[in-house]
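Structure first, then comments.
Protein chains in written order, with the numbering used here: chain A, 30 to 387; chain B, 30 to 387.
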């Protein structure tokens, strides 16, 4: 039975992807050289479309990697000589912190309970910190840091590089890119694409920092920022990339531009509102994130009275595939993705079924 | 006009790929979780099929990365504290050497003319060298190092790790994996898949070396060998990988097993024989690699009397897409891929057209 995937990534494909893949096959996109003019125009199309969709300032570059996990590593290699500061409130924010450790840095951790967001107190951040890492949307718990918390650090620590993990929230989140320095995502979540591509948004300050760091230590090789930039200037990548993935990104972002980012954002809020309303009225469910202002609109996590697997199983029999709780929450939580590909009708269908069978 | 891509990667898709992609879409493979049992069985299928096709010994692991370029970096990070030894005879072997430098090691270079292979003289290799890197098939020039040259170093330097770049030669090459320690490829060449996936074959000695190295320095993070192994034991990857790519690899290798590796190898030799014969008889062409024992059978590079771009253009008009010369050979060479997906009939068609129009 065909499922509608409400899993928080890999997720339901954007509804136009299948058509784009078939067209790509007809056009033999997977066979073209990554050094050809045809590839360059695909790269450029993806870049320009993304720039428009996200209202990305001109001093930002767009680079492609294998995954967002890779971007965690590249951020530390390129932008941190010794100390980064990490707000950690779940598995993914913690993984980024651990990667900084594994790469031999001395990161500082600021923990918050899972299901909550850190209270951002700029006074606690060392004045000479090199980079402050926010996980704007912690996919494991559904806690979303308010953007003003992030911008506050820009005011208090203007010299620090501010990195925003927007993996499961873009393109929904209206991030003010002038108040941060880098943000990143992987395409298998909000963009509804097959996994295997990370997208790294980086401003000129990051490039300058990487070049400065390169004077004193290795900043990596083919995926160092200067190497990525050298190729991106020619609309290319250092390695043979996921060409099909970049093609599909260009096409899906074009479709999103056609729909309009405001429409996407309003629909996202509307669907999230319906779902949180349902959860609050339902005996079986309680939103895991208690504070309304921290409740993610793109990854909605709920505690369940009945065993979570039982609920997931029942809905699956109706063709509605929800995500398990993450890690130690596997039996206690259900995660519901609310991405641009999910229509209001699909959400109503899901809510009706949740009410009917539980 | 649909082209037959004889380019050396990205290349013509294996002739079954389109069908497998359509089935994957029907089965919603791009939406499944990379932590699900379904993904684990796809990973396992890819692994077991590859193990069979390549006759990989039991002490080898199979890991997935974003590209073969990434594997160069991971090899240096995980397996070299200070010094690797690089046979360099073209752009790709040179790039690996440069990556070792960029990662702060002190690699040793042993150069050979482009279009030739190094004379392997074990006495020149430092006795305490940590790793010896062979590019078995230099994709930029079409020079292929005889396997016995590689095995010689196993005898002379039994302590050294031997790394074989088999990017554009597997699955053709019958490598004796007991005489080396690691080999790697990317899927967009001999396996005829969309780009965006590297495959890293690693034996237990490499794991031991990485664990030992980790005691004294950082060996990376999510794609360190111990991290890759921890997940691979569960048929998973540390990051969300190119799930569709791994699925397609499993299916195409299964198709290749159905055909039989011996048949694939014999056909490769037969097609290469036809092409070199044609080149040697044709006024317009001279094989760039002069020594017959160094002529690659999977990437055939020829010098051209007429401008290479003119020849490529003419054949393209007949739906036959050849590769340009690499780098500074762009106007002087034509590169012809001879991969498993290219049928004998397609090669005859290409040869007929080369004879007819030139």
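All C-beta atoms, glycine included, are put in the ideal place defined by N, C-alpha and C. Just so it is clear, the structure is predicted and the values come from calculations on it, not from any experiment.
DSSP-derived helix/strand/coil call for residue 363/B: If you number the second chain from 1, residue 363/B lands on position 334. Residue 363/B: strand per DSSP, three-state reduction.
First and last residue of the uninterrupted alpha helix (DSSP H) at residue 91/A: By one-based count along the first chain, residue 91/A stands at place 62. Looking at the DSSP string, residue 91/A is not in any alpha helix (DSSP H); the run it does join, the beta strand (DSSP E), is 89-94.
Residues near residue 94/A by beta carbon distance below 7 Å, same chain, minus five either side: Residue mapping note: residue 94/A aligns to position 65 of the first chain, counting from 1. Cβ within range, chain order: 100, 103, 227, 229, 252.
Residue-level contact to chain A via CB, residue 57/B, 8 Å cutoff: On the second chain, position 28 is the one that residue 57/B refers to. At least one chain A Cβ lies under 8 Å of residue 57/B.
Proximity below 8 Å, CB of residue 270/B to CB of residue 63/B: As a first step, residue 270/B is located in the second chain; it is residue number 241 there, counting from the start. As a first step, residue 63/B is located in the second chain; it is residue number 34 there, counting from the start. Yes, Cβ-Cβ distance for residue 270/B and residue 63/B is below 8 Å.
Residue 84/A, buried or exposed, once every other Cβ within 10 Å from all chains shown has been counted against 16: Working through the first chain from its first residue, we reach residue 84/A at position 55. That one is exposed.
Distance CB(residue 364/B)-CB(residue 352/B) smaller than 8 Å: Working through the second chain from its first residue, we reach residue 364/B at position 335. Working through the second chain from its first residue, we reach residue 352/B at position 323. Their beta carbons are under 8 Å apart, which means residue 364/B touches residue 352/B by this criterion.
Rounded straight-line distance, which links the Cα of residue 115/A to that of residue 37/A: Here the question's residue 37/A lines up with position 8 in the first chain. Here the question's residue 115/A lines up with position 86 in the first chain. Those two C-alpha atoms are separated by around 23 Å.
Where residue 360/B falls, given that 16 or more other Cβ within 10 Å makes a residue buried: Position 331 of the second chain, counted from the first residue, corresponds to residue 360/B. Exposed is the call here.
CB of residue 350/A within 8 Å of CB of residue 33/A, strictly: In the first chain, residue 350/A corresponds to position 321, counting from 1. In the first chain, residue 33/A corresponds to position 4, counting from 1. Taking the C-beta atoms as reference points, residue 33/A is found nearer than 8 Å to residue 350/A.
Cutoff 8 Å: residue 224/B Cβ touching any chain A Cβ: In the second chain, the residue the question calls residue 224/B occupies position 195. Yes, residue 224/B lies at the interface with chain A (some Cβ there is under 8 Å from its Cβ).
Residue 203/A, buried or exposed, once every other Cβ within 10 Å from all chains shown has been counted against 16: As a first step, residue 203/A is located in the first chain; it is residue number 174 there, counting from the start. With fewer than 16 other Cβ atoms within 10 Å, it is exposed.
Interfacial residues, the stretch 268-284 of chain B to chain A, with Cβ spacing under 8 Å: 268, 269, 270, 271, 272, 273, 274
Distance, residue 371/A Cα to residue 284/A Cα: In the first chain, counting from the first residue as 1, residue 284/A sits at position 255. In the first chain, counting from the first residue as 1, residue 371/A sits at position 342. Between residue 284/A and residue 371/A, the C-alpha separation is close to 14 Å.
CB contact flag (residue 138/A, residue 186/A, <8 Å): Position 109 of the first chain, counted from the start, is the residue given in the question as residue 138/A. Position 157 of the first chain, counted from the start, is the residue given in the question as residue 186/A. Contact annotation: residue 138/A and residue 186/A have beta-carbon atoms that are not nearer than 8 Å.
Neighbourhood of residue 109/A by C-beta distance below 7 Å, restricted to the same chain and skipping five residues each side: On the first chain, residue 109/A is found 80 positions in, with the first residue counted as 1. If we look at residue 109/A and ignore the five residues flanking it on each side, its Cβ neighbours are 129, 134, 159, 160.
Interface residues of the stretch 38-49 of chain A facing chain B [CB-CB below 9 Å]: 38, 39, 40, 41, 42, 46, 47
Cβ-Cβ distance between residue 317/A and residue 332/A below 8 Å: Reading the first chain from its first residue, position 288 is the one you call residue 317/A. Reading the first chain from its first residue, position 303 is the one you call residue 332/A. Yes, Cβ-Cβ distance for residue 317/A and residue 332/A is below 8 Å.
Beta-carbon spacing of residue 297/A, residue 308/A below 8 Å: As a position in the first chain, residue 297/A is number 268, starting the count at 1. As a position in the first chain, residue 308/A is number 279, starting the count at 1. At a Cβ-Cβ threshold of 8 Å, residue 297/A and residue 308/A do not count as neighbours.
Sub-8 Å separation of residue 257/A and residue 125/A beta-carbons: Numbered from 1 along the first chain, position 228 holds the residue referred to as residue 257/A. Numbered from 1 along the first chain, position 96 holds the residue referred to as residue 125/A. Going by C-beta atoms, residue 257/A is not nearer than 8 Å to residue 125/A.
Cβ-based neighbour list, residue 175/A, same chain, cut-off 8 Å, excluding 5 preceding and 5 following: Position 146 of the first chain, counted from the first residue, corresponds to residue 175/A. Result list for residue 175/A: 146, 322, 323, in chain order.
CB of residue 293/A within 8 Å of CB of residue 206/A, strictly: Residue mapping note: residue 293/A aligns to position 264 of the first chain, counting from 1. Residue mapping note: residue 206/A aligns to position 177 of the first chain, counting from 1. Residue 293/A is not a Cβ neighbour of residue 206/A, given a cutoff of 8 Å.
DSSP state of residue 154/B mapped onto helix, strand, coil: By one-based count along the second chain, residue 154/B stands at place 125. Of the three classes helix, strand and coil, the one that applies to residue 154/B here is coil, per DSSP.
Within 8 Å, strictly: CB atoms of residue 89/A and residue 196/A: For the purposes of this step, residue 89/A is taken as residue 60 along the first chain, with counting starting at 1. For the purposes of this step, residue 196/A is taken as residue 167 along the first chain, with counting starting at 1. Contact check for residue 89/A against residue 196/A fails: the beta carbons are separated by 8 Å or more.
Backbone secondary structure at residue 160/A - three-state DSSP: By one-based count along the first chain, residue 160/A stands at place 131. Reduced to three states, the DSSP call for residue 160/A is strand.
Cβ separation of residue 215/B and residue 164/B, assumed to be a contact under 8 Å, to the nearest whole Å: Counting from 1 along the second chain, the entry for residue 215/B is found at position 186. Counting from 1 along the second chain, the entry for residue 164/B is found at position 135. In fact, because the Cβ distance is near 13 Å, the residues do not count as touching under 8 Å.
Sheet register partners of residue 184/A (DSSP bridge): The residue given as residue 184/A occupies position 155 in the first chain. Its beta-bridge partners do not exist; DSSP assigns none.
Beta carbon of residue 325/A nearer than 8 Å to that of residue 173/A: In the first chain, counting from the first residue as 1, residue 325/A sits at position 296. In the first chain, counting from the first residue as 1, residue 173/A sits at position 144. Yes, Cβ-Cβ distance for residue 325/A and residue 173/A is below 8 Å.
Beta-carbon separation (whole angstroms), residue 278/A vs residue 222/A, contact threshold 8 Å: Residue numbering aside, residue 278/A sits at position 249 when the first chain is read from its first letter. Residue numbering aside, residue 222/A sits at position 193 when the first chain is read from its first letter. With a Cβ gap of about 6 Å, residue 278/A and residue 222/A count as contacting.
Short CB-CB distance (under 8 Å) between residue 31/B and chain A: To locate residue 31/B, count along the second chain from 1; it is residue 2. Taking a beta-carbon distance threshold of 8 Å, residue 31/B counts as an interface residue toward chain A.
Option nearest residue 344/A by Cα separation, candidates 170/A, 386/A, 208/A: Mapped onto the first chain, residue 344/A falls at position 315. Checked all of 170/A, 386/A, 208/A; the closest Cα to residue 344/A is 386/A.
C-alpha gap between residue 55/B and residue 381/A, whole angstroms: Counting from 1 along the second chain, the entry for residue 55/B is found at position 26. Counting from 1 along the first chain, the entry for residue 381/A is found at position 352. So the two alpha carbons sit approximately 26 Å from each other.
Residues bridged to residue 266/A [DSSP beta-bridge criterion]: The residue given as residue 266/A occupies position 237 in the first chain. According to DSSP, which records beta bridges pairwise, residue 266/A is partnered with nothing at all.
Alpha helix (DSSP H) segment containing residue 316/A, residue limits: Counting from one through the first chain, the residue named residue 316/A turns up at place 287. From DSSP, residue 316/A is part of no alpha helix (DSSP H) but of the beta strand (DSSP E) over 314-316.
Contact set for residue 75/B: own chain, Cβ-Cβ below 6 Å, skip 5 residues either direction: As a first step, residue 75/B must be located in the second chain, where it is residue number 46. Correct list, in chain order: 275, 278, 279.
CB contact below 8 Å: residue 120/B versus chain A: Along the second chain, one-based indexing puts residue 120/B at 91. Interface flag for residue 120/B against chain A is unset, since no Cβ pair is found closer than 8 Å.
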